[in-house]
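So the protein sequences, as listed, match chains A and B.
Per the working numbering: the first sequence = residues 7 to 119.
Per the working numbering: the second sequence = residues 1189 to 1301.
Ideal Cβ placement from N, Cα and C applies to all residues, glycine included.
Here the structure is a predicted model, which is why all the values come from computation and not from measurement.
Working notes for the structure below.
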Amino acid sequence: GQQVMQIPQYQHVQEGEDFTTYCNSSTTLSNIQWYKQRPGGHPVFLIQLVKSGEVKKQKRLTFQFGEAKKNSSLHITATQTTDVGTYFCALRRHGGATNKLIFGTGTLLAVQP
Amino acid sequence: DAGVIQSPRHEVTEMGQEVTLRCKPISGHDYLFWYRQTMMRGLELLIYFNNNVPIDDSGMPEDRFSAKMPNASFSTLKIQPSEPRDSAVYFCASSLSQTGELFFGEGSRLTVL
């Protein structure tokens, strides 16, 4: 199948706690993107990582690309209720013949005020 | 600027009926993607186009599904005949470049009774 595993599938946190989701691939990736989908909404692009070991920050969000370009993580510091939603990684495999962007299974984040 | 526009937003139909979903990508975007989202299978890439030409349709479930892009500003996804298992949210997305971010429409929620 097309899916890429993300862990955990679901996480429930208290507001102010940290949150991390992981995306793993068995093959080397060309690049990886992260999207957020609010309940009832559509996926919205957050960031793209291209380089091995790359780390990018967006306010409370930290994105990391593994050294081997096979995994990635998204960490949210001090979650807020506005962080609620499903976070997806989306990847293109290195050397792929097409521009297929395959989405991960997603991590649903619930934040309790 | 208008984003990706999809219609209809909601469609309820009976098994066996033909369904046509429509998408207008962002002007100037050369790539158009059709995704399907269900709880069981997540976000699946069905087909994508580059400059109106279908590049990869390996995700199209079966012959009942067909997609066209007659010009740069319009695409359709047709299901004929529809079945209850086709019930899902169908997203259209467009991107400016081969490796760029995807801009999603708000989706078409299809229910086949």
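Coil, strand or helix - residue i by DSSP
i                          : result
aspartate 24 of chain A    : coil
arginine 1273 of chain B   : helix
aspartate 1244 of chain B  : strand
threonine 1201 of chain B  : strand
threonine 92 of chain A    : strand
threonine 1264 of chain B  : strand
threonine 1299 of chain B  : strand
threonine 87 of chain A    : helix
valine 50 of chain A       : strand
glutamate 1232 of chain B  : strand
threonine 1208 of chain B  : strand
proline 1258 of chain B    : strand
asparagine 1239 of chain B : coil
leucine 1290 of chain B    : coil
valine 117 of chain A      : strand
lysine 62 of chain A       : strand
glycine 72 of chain A      : coil
valine 1192 of chain B     : coil
leucine 55 of chain A      : strand
lysine 106 of chain A      : coil
Residue i to residue j span [Cα, whole Å]
i                          : j                             : result
asparagine 37 of chain A   : serine 1285 of chain B        : 14 angstroms
histidine 48 of chain A    : lysine 1212 of chain B        : 16 angstroms
leucine 1234 of chain B    : serine 78 of chain A          : 25 angstroms
arginine 44 of chain A     : aspartate 1274 of chain B     : 23 angstroms
glutamate 1294 of chain B  : arginine 1210 of chain B      : 12 angstroms
threonine 1287 of chain B  : phenylalanine 1221 of chain B : 13 angstroms
tyrosine 1278 of chain B   : phenylalanine 1291 of chain B : 14 angstroms
valine 61 of chain A       : proline 14 of chain A         : 21 angstroms
asparagine 30 of chain A   : alanine 1190 of chain B       : 34 angstroms
isoleucine 1214 of chain B : serine 1283 of chain B        : 8 angstroms
leucine 1265 of chain B    : arginine 1252 of chain B      : 10 angstroms
leucine 107 of chain A     : aspartate 1244 of chain B     : 11 angstroms
glutamine 1268 of chain B  : serine 1254 of chain B        : 8 angstroms
glutamine 12 of chain A    : tyrosine 41 of chain A        : 13 angstroms
histidine 18 of chain A    : leucine 114 of chain A        : 8 angstroms
Test item: CB-CB of residue i and residue j under 8 angstroms
i                          : j                           : result
valine 1226 of chain B     : alanine 1276 of chain B     : It is worth fixing the name first, because residue 1226 of chain B is threonine in this sequence and not valine. Yes, the pair counts as a contact, with Cβ atoms nearer than the cut-off.
threonine 85 of chain A    : glycine 46 of chain A       : no
serine 1296 of chain B     : glutamine 1194 of chain B   : yes
serine 58 of chain A       : phenylalanine 71 of chain A : yes
glutamate 1289 of chain B  : glutamine 39 of chain A     : yes
tyrosine 1223 of chain B   : leucine 1231 of chain B     : yes
methionine 1203 of chain B : proline 1249 of chain B     : no
Answer yes if the region 1222-1240 of chain B comes into contact with the region 1251-1262 of chain B, meaning at least three C-beta pairs across the two stretches below 8 angstroms, and no otherwise. yes
Does the region 1193-1211 of chain B come into contact with the region 108-118 of chain A, if we say contact requires no fewer than three beta-carbon pairs (one atom in each stretch) closer than 8 angstroms? no
Closer than 8 angstroms, Cβ to Cβ, to anything on chain C: give me those residues from the region 55-74 of chain A, in chain order. Within the model displayed, chain C is absent; protein chains A and B are what it includes.
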